[in-house]
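Here's the structure we're looking at; comments come further down.
Protein chains: 2
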Amino acid sequence: MATEDKTKKNIPSDSETPLGTRKQPTLKTIAALTGLAVPTVSRALGGASDISVSTRARVRAVADEIGYVPNRAGVRLRTGRTNVIALVLSTEHEVMNHTAKLISSVAAGLRETQFNLNITPYFGDEDPMKPVRYIVETRSADAVILNQIRPEDSRVSYLRSVGFPFATHGRTIWENEHPYYDYDNSAFGALGVRELIARGRRNILLVAPPTDQRYGQDMIAGAQATGQEVGAKVRILSGATSDNAMQQTEAAIDAYIASGKPLDGLICGSNGSSIAAMSSVEKAGLILGETVDLFSKEAIPILKRIRPSILTVHEDVAQTGRFLAKAAMAAVLSPKEPPMQFLEVPTHASLMDY
Amino acid sequence: MATEDKTKKNIPSDSETPLGTRKQPTLKTIAALTGLAVPTVSRALGGASDISVSTRARVRAVADEIGYVPNRAGVRLRTGRTNVIALVLSTEHEVMNHTAKLISSVAAGLRETQFNLNITPYFGDEDPMKPVRYIVETRSADAVILNQIRPEDSRVSYLRSVGFPFATHGRTIWENEHPYYDYDNSAFGALGVRELIARGRRNILLVAPPTDQRYGQDMIAGAQATGQEVGAKVRILSGATSDNAMQQTEAAIDAYIASGKPLDGLICGSNGSSIAAMSSVEKAGLILGETVDLFSKEAIPILKRIRPSILTVHEDVAQTGRFLAKAAMAAVLSPKEPPMQFLEVPTHASLMDY
DNA sequence: AGATGATCCTAAAACGATATAGAATTTTCT
DNA sequence: AGAAAATTCTATATCGTTTTAGGATCATCT
């Protein structure tokens, strides 16, 4: 085996034409072309004030001419800056509609900025902390954006403890101290109850909001408080809740109906649960818009194109993503400024019945 | 400690730690702790054969102990390797269902490998070449994955000319020479016609496949050839086609029906067009499964949960993404091997009518 | 004993960028 | 005119890693 090692070392393997190694121009290239020193070129391109205007112009001209683009690895090693914002997403139930729209809107928010978007997925069976820790430890992003926030999210406390910039889609118990965008799910729950009551509904079921995340807790609280207020019964269906647990959700609603409890109003906080509810209701012989009303959070266009009439409230996911992008950038570029925060409050529903 | 003069160079003492940001351990840290030289530590962790087993074990133990993670910028600068696979996606019509599933399945394919996923979005109004050129010029990924491939896609010819590793979702005219995963849309078109004919349908409309991309061209060719064969009329509806152009697609189908042309079978190659078709057909008073049949490509679960009975053919997007991930990695790690290629051929449809 | 090799490690250089300190020149001031 | 100051550039060091070449030590062979 020793001899094998030796021969392996001596034979110059595939050193002929390594594809893709056409070298990119570097600062050194420009320095050679202009007769300047490398740091001078760097500072000229950076717009430093102690480089003469004429030199700056000359350097820029040469750089443009040869198509110079800074090597990110060099910048990153020297400055620690990656120019990357990482969006950390769970793929537990697949990347679904809402998440997909979030991706594109965050991308839109980063458009024409110095920042690039990196999607870091993690899987349901692994520690949600893992991708966050990886990003921090390898410094592979300047900031992270998190969603599916729990009230005392350990990722948030970790990021705060190491001083790493971030923004969240959802609030924690430390909500005053970090950037976030949140949707007022308490108001959503309240609005749902009010709208259904206004249509004469009295037996309302709130479908399966997650109780480990604040948004589900808020939705329940908002709906129940308003139910108390107006003297209507608001029941909470527990069980599977995410977009891709539609089957379980549908089964849970089926079971609820089968149990004989009265039902004439449904509140669904996700597209998946809305679809499950529509299906379930139809099977049970109830008719949307007539014997039962469905109040739904509208996020994807498909819901608009499905025939039965349902009440929808608009959630502005496009705004969400753009805001989170700005908030994350601000956390990087202006760490001393107060964190950017926004709470989207739903105020009215409309009948989607085209 | 004994060889103090030797180790005394410029080891940053623990007591310094000046700023608030706690520094990550580097090879230097391990070198100081073990009394070895930095390259020795590097080679020990890399498993080089000329480092003694005991040293390797000691170094690894210390590395694990202090939680050493290689700084990616350093590796990238030295080796040129980023350990990133970039998935380049258009957000023209938003990141939609099919795309979302592609993202999660590519992520799954990269799971537990050395590679990370980077989503690089581009916008409909900008040059599709731009993100690709950026990645190549800044060397910010080791390979790219492209979709929405045109037959003579300029991104593909560019990547080939610079020798940059890539894989495509769809084939080009150079299909023999690069890695790809493709769905046999010709077979899909043919199968659709055959299935509809088998149900007694004779007036078939193929809904709006894009004619500038190969997959649309193939679908048309497959459907028309089979139509010829069995002597049935297959018409092609031109117009908007992507998932998010549902409104236009629906309007085009409405117009087709209004024109009085006979129609008893529909073939839809995307989820969006299927939803549009269902809506359009219902408006026109046709009944799915009775007066008309819909043959659809099934990719998202929502289609399964919508009430009317439709014929669906399974497209394995999960496999697509995993394969593309492997193909891209292979292009990076084994450039000399023949490119990984796969053509998914649909063979049967099933009635989604639960 | 002296030469040869094997084993295990180190020194130096390099990737591409930027920060810092200081050098060379010109301008301004007294 | 001589000194101080401003201007414009260069030299050097550095970020963290890996590659290359070579050095030191000890065992083995003739």
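So the sequences go chain by chain: L and R.
Residues in the first sequence are numbered consecutively from -10, following the working numbering.
Residues in the second sequence are numbered consecutively from -10, following the working numbering.
The beta-carbon is built from N, C-alpha and C at its ideal position, and this holds for glycine as well.
Take isoleucine 124 (chain L), set aside five residues on each side of it, and the residues of its chain with a beta-carbon closer than 7 Å to its own are Ala75, Thr109, Ala130, Val133, in chain order. Neighbours of glycine 63 (chain R) in chain L, taken as residues whose beta carbon is under 8 Å from its own, are Leu66 in chain order. DSSP places asparagine 165 (chain R) outside any alpha helix (DSSP H), giving it a letter other than H or E. For the stretch 201 to 217 of chain R, the set of residues with a beta-carbon nearer than 8 Å to any beta-carbon of chain L is empty. Against chain R, the CB of phenylalanine 104 (chain L) has no partner CB under 8 Å away; the residue lies outside that interface. Looking at the backbone, the Cα of arginine 203 (chain R) and that of tyrosine 170 (chain R) are separated by about 13 Å.
Counting along the chain, the unbroken beta strand (DSSP E) around glutamine 330 (chain L) starts and ends at 330 to 333. The three-state reading of DSSP puts aspartate 282 (chain L) in strand, counting E and B together. At least 8 Å separates the CB of valine 27 (chain L) from every CB of chain R.
Here threonine 29 (chain R) is not near arginine 47 (chain R), since their CB atoms are 8 Å or more apart. Identification of residues in the stretch 107 to 129 of chain L having a C-beta nearer than 8 Å to some C-beta of chain R yields Asn107, Ile108, Thr109, Pro110, Phe112, Tyr123, Glu126, Thr127, Arg128, Ser129, given in sequence order.
About 5 Å separates the beta carbon of isoleucine 186 (chain R) from that of valine 219 (chain R), a gap short enough to meet the 8 Å contact definition. Taking C-beta separations shorter than 7 Å and ignoring five residues to either side along the sequence, the partners of arginine 188 (chain R) in its chain run Asp282, following chain order. For proline 117 (chain L), there is no enclosing beta strand (DSSP E), since its DSSP letter is neither H nor E.
Boundaries of the beta strand (DSSP E) around serine 79 (chain L): 73 to 79.
Contacts between arginine 160 (chain R) and chain L, judged by CB atoms closer than 9 Å, are missing: the closest CB pair is about 21 Å apart. For asparagine 192 (chain R), the uninterrupted beta strand (DSSP E) run begins and ends at 192 to 196, by DSSP. At a cut-off of 8 Å between beta carbons, arginine 100 (chain L) contacts chain R. Under the 8 Å criterion on CB atoms, alanine 52 (chain L) is classed as non-interfacial with respect to chain R. When the alpha-carbon of glycine 159 (chain L) is set against those of L:Met329, L:Arg45, L:Ser339, the nearest one is in L:Met329. Counting only the Cα atoms, histidine 167 (chain L) lies some 47 Å from alanine 21 (chain L). In this structure, DSSP gives lysine 12 (chain R) a state outside helix and strand, which the three-state scheme calls coil.
With a 10 Å radius around the Cβ and a threshold of 16 neighbouring Cβ atoms, methionine 267 (chain R) comes out buried. Segment contact: the stretch 33 to 52 of chain L against the stretch 90 to 106 of chain L, fewer than three CB-CB distances shorter than 8 Å; contact not assigned. In the DSSP assignment, asparagine 260 (chain L) forms no beta bridge with any residue. Annotation for alanine 221 (chain R): Val182, Ile186, Arg191, Ile193 place their beta carbon closer than 7 Å to its own, counting only its chain and skipping 5 residues before and after.
Cα atoms of alanine 37 (chain L) and alanine 52 (chain L): separation of roughly 16 Å, rounded to the nearest angstrom. With a contact defined as Cβ atoms closer than 8 Å, methionine 235 (chain R) and isoleucine 264 (chain R) qualify at about 6 Å. Burial state of methionine 208 (chain R) is buried, judged by a 10 Å Cβ sphere holding 16 or more other Cβ atoms. The DSSP-derived three-state label of phenylalanine 177 (chain R) is helix. Distance between alanine 97 (chain R) and asparagine 107 (chain R), taken at the CA atoms: about 13 Å.
Pairing isoleucine 299 (chain R) with leucine 277 (chain R) gives a Cβ-Cβ distance under 8 Å. Beta-carbon to beta-carbon, alanine 156 (chain R) and leucine 313 (chain R) are separated by about 5 Å, close enough to satisfy the 8 Å threshold.
In this structure, L:Gly261 is the residue among L:Ala307, L:Gly261, L:Gln213 with its C-alpha nearest to the C-alpha of lysine 286 (chain L). A straight line joining the alpha-carbon of valine 223 (chain L) with that of aspartate 305 (chain L) spans about 26 Å.
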